[in-house]
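Student:
Rendered as structure tokens:
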């Protein structure tokens with residue numbers, strides 16, 4: 039009972055105005071690990087966006103399979119920062135996260151789309167290659183950079199031509215990523 043109360047207090051600390059305090063709470067919840075998962079699953083749907091965001095961050099760090107459905111649902115959160123955190127967290131969940139992340143490549147917010155691209159690259163499932171190639175045409179350099187990195191990390195030969203095109207991208211970061219992975223793929 040005492041452990042549960044401590045976990046609940048730490049979860050409430052996720053909405054503290056001080057970012058350092060929030061970061062410390064995330065670290066402590068991460069240290070607690072599995073015993074905190076059930077309460078984090080509940081708090082990932084809290085009314086307070088900071089509690090949702092912090093809980094989702096910890097669930098992603100812990101990588102517990104029980105969090106997959108909650109994280110997928112969080113991709114529809116009204117707050118873009120919560121959606122971004124969910125897309126990042128899903129990068130630790132493996133193949134069950136691929137389809138929802140592919141859909142998230144179409145989110146209205148560039149940060150969320152970019153987070154989805156980076157997460158897909160981390161999972162490295164070849165099913166994401168075509169949607170990531172499409173994301174190489176995004177208006178946001180962050181999304182294009184994430185897509186280029188993801189395509190390079192997946193290492194599928196279908197990525198070669200889009201990465202060659204990215205050598206002329208207006209973003210120097212996208213160009214560097216494309217160049218790096220083309221050397222590996224060719």
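In the working numbering, the protein residues as written are 39 to 224. The C-beta atom is built at its ideal place from N, Cα and C for all residues, glycine as well. It should be emphasised that the depicted structure is a prediction, and the values quoted were computed from it without experimental measurement.
(1) Starting from residue 101, follow the alpha helix (DSSP H) in both directions and report where the run begins and ends.
(2) CB residue 198 to CB residue 224, shorter than 8 Å?
(3) Using only the alpha-carbon positions, how far apart do residue 144 and residue 162 sit?
(4) Give the single residue among 132, 113 and 59 whose Cα lies nearest to the Cα of residue 150.
(5) Verify whether the separation of the beta carbon atoms of residue 159 and residue 131 is less than 8 Å.
(6) Tell me whether residue 223 sits in a helix, a strand or coil according to DSSP, three-state version.
(7) Leaving out five residues before and five after residue 147 in sequence, what residues of the same chain have Cβ atoms less than 8 Å from its Cβ?
(8) Residues in its own chain within less than 6 Å of residue 106 by CB, not counting five upstream and five downstream?
(9) What are the uninterrupted segments assigned as beta strand (DSSP E) that are 3 or more residues long and contained completely in the segment 112-180, given in chain order?
(10) Give the range of the alpha helix (DSSP H) segment to which residue 81 is assigned.
(11) Count the other CB atoms within 10 Å of the CB of residue 91; is the residue buried (16 or more) or exposed (fewer)?
(12) I need the straight-line Cα distance from residue 182 to residue 176, nearest angstrom please.
(13) In the DSSP assignment, the alpha helix (DSSP H) including residue 202 goes from what residue to what residue?
(14) Quick one: residues in its chain with C-beta nearer than 6 Å to the C-beta of residue 296, no 5 flanking neighbours on either side, listed in chain order?
(15) So, for residue 187: in the same chain, excluding its five sequence neighbours on each side, which residues have a beta-carbon less than 6 Å away from its beta-carbon?
Tutor: So, from the data block:
(1) Premise fails: residue 101 is in no alpha helix (DSSP H) and is neither H nor E.
(2) yes
(3) 19 Å
(4) 113
(5) no
(6) helix
(7) 118, 121 and 122
(8) 131 and 134
(9) none
(10) 75-81
(11) buried
(12) 6 Å
(13) 198-204
(14) An answer regarding residue 296 cannot be provided, because it is not within the stretch 39 to 224 covered by the chain.
(15) 159 and 215
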